[in-house]
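Number of protein chains: 2
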Amino acid sequence: MGGAKLSKSEQHVLDVLWSEHPLTAGQVIERLQQLTGWHESTIKTLLTRLVEKKAIARRKDGGRFFYRPLLTREAVLIDESEGLLNRFFEGQMAPLVAHFAERRKLSKHDIEEIEKVLAKIKDRDA
Amino acid sequence: MGGAKLSKSEQHVLDVLWSEHPLTAGQVIERLQQLTGWHESTIKTLLTRLVEKKAIARRKDGGRFFYRPLLTREAVLIDESEGLLNRFFEGQMAPLVAHFAERRKLSKHDIEEIEKVLAKIKDRDA
DNA sequence: ACCCGTAGTCTACATTTGTAGACTATAAGT
DNA sequence: ACTTATAGTCTACAAATGTAGACTACGGGT
């Protein structure tokens, strides 16, 4: 695994690259400024830090550099959800679902969705 | 929600107080040292910072101070899982479950547990 | 060949976090 | 009342983070 831990703002930059890539620095800046209003320099710094942390890479194509993610969204997601699960539910998924269910965070539709998913799994594993 | 954001180590201290409280500083230190090996001073600092952040409170009882959580585990959990859910699943629970299911993070037993939970909810809401 | 803009690098600085030493106040026991 | 343990406060300092200015270099157009 490895994956140096990313800070909040770094993740925000990464988000942009997940949603669309490769992008030039300028494009990243453009998109992020819409979302955050951060200064251009700030975003450049974040890009640099992400490259250092090997969370993204850049490649020269023609005259320009293009940035793309190295860490997948998937990987980060796993990492974080695993963390949450371990911290609060001893790694058990069921109690997490139960928890949300109890708090009425699940609509009827949600419940059906989940049941569908579970059915599919059971089916597949059968 | 107010809740100033807590750092990793601060959360660790809070964990101890969730599992058992009220506790004196000494008791917190004792328990945390078992888990982390942190120096006494470090833990005192963290306690102080938690008090400043109003994540915990202390009260004098007899000669001693006793610490207890102000933020509930519940609240922090909600906060964090909400965050995760929003960042990765647009707030939707079903895709999260699906995700874990796909990754085989769910055993047959888990699945049955979850189904049971969902059934209960549906029942209750019916 | 020269200038310009876009992008990359270097430097900076306040805040937060991780980690801990040193000093102090106070309750409890003798 | 005095000592001592125990806990609380102050200070410290490096690394990480949030945020940004200044300077530079290179590719593209004229």
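Those protein sequence lines, which keep their order, are chains A and B. For the first sequence, my numbering assigns the number 2 to the initial residue and increments by one for each residue that follows. For the second sequence, my numbering assigns the number 2 to the initial residue and increments by one for each residue that follows. Just so it is clear, CB atoms sit at the ideal spot from N, CA and C, and this is done for glycine as well. These numbers come from a predicted model, not from an experiment.
Alpha-carbon spacing of residue i relative to residue j, whole angstroms
i                     : j                     : result
residue 107 (chain B) : residue 94 (chain A)  : 7 Å
residue 48 (chain B)  : residue 119 (chain A) : 43 Å
residue 36 (chain A)  : residue 60 (chain B)  : 44 Å
residue 76 (chain A)  : residue 22 (chain B)  : 36 Å
residue 33 (chain B)  : residue 90 (chain A)  : 20 Å
residue 63 (chain A)  : residue 7 (chain A)   : 30 Å
residue 25 (chain A)  : residue 113 (chain B) : 48 Å
residue 2 (chain A)   : residue 73 (chain A)  : Interpretation of residue 2 (chain A) is limited by its pLDDT of 49, a score under 50 that renders its predicted location unreliable; no figure is taken from the coordinates.
residue 115 (chain B) : residue 97 (chain A)  : 9 Å
residue 123 (chain B) : residue 54 (chain B)  : 40 Å
residue 110 (chain A) : residue 92 (chain B)  : 14 Å
residue 17 (chain A)  : residue 85 (chain A)  : 23 Å
residue 57 (chain A)  : residue 13 (chain A)  : 13 Å
residue 43 (chain A)  : residue 31 (chain A)  : 12 Å
residue 140 (chain B) : residue 67 (chain B)  : The question about residue 140 (chain B) has no answer, for chain B in this structure spans 2 to 127.
Best match in the options for proximity to residue i [C-alpha to C-alpha]
i                     : options                  : result
residue 100 (chain A) : B:67, B:23, B:79         : B:79
residue 65 (chain A)  : A:16, A:27, A:19, A:10   : A:27
residue 103 (chain A) : B:125, B:55, B:92, B:104 : B:125
residue 191 (chain A) : A:52, A:82, A:83, A:81   : The requested residue 191 (chain A) does not occur in the structure, where chain A is confined to residues 2 to 127.
residue 71 (chain B)  : B:15, B:29, B:9          : B:15
Residue i Cβ short of 7 Å to the ligand ZN heavy atom set
i                     : result
residue 123 (chain A) : The ligand ZN is absent from the structure shown, which contains no ligand whatsoever.
Test: residue i CB closer than 8 Å to a CB of chain B
i                     : result
residue 57 (chain A)  : no
residue 18 (chain A)  : no
residue 98 (chain A)  : yes
residue 41 (chain A)  : no
residue 111 (chain A) : yes
residue 11 (chain A)  : no
residue 123 (chain A) : yes
residue 118 (chain A) : yes
residue 107 (chain A) : yes
Any chain A beta carbon closer than 8 Å to residue i
i                    : result
residue 5 (chain B)  : no
residue 54 (chain B) : no
residue 2 (chain B)  : Confidence is the limiting factor: at residue 2 (chain B) the pLDDT is only 49, short of 50, which leaves the residue's position unreliable and the question unanswerable from this model.
residue 31 (chain B) : no
residue 21 (chain B) : no
Residue ranges of each beta strand (DSSP E) run of no fewer than 3 residues wholly in the region 23–88 of chain A, ordered along the chain?
57–62, 65–70
What residues in the region 62–90 of chain B have a beta carbon less than 7 Å from any beta carbon of chain A?
Hits within the stretch, in order: 78, 81, 82, 85, 89.
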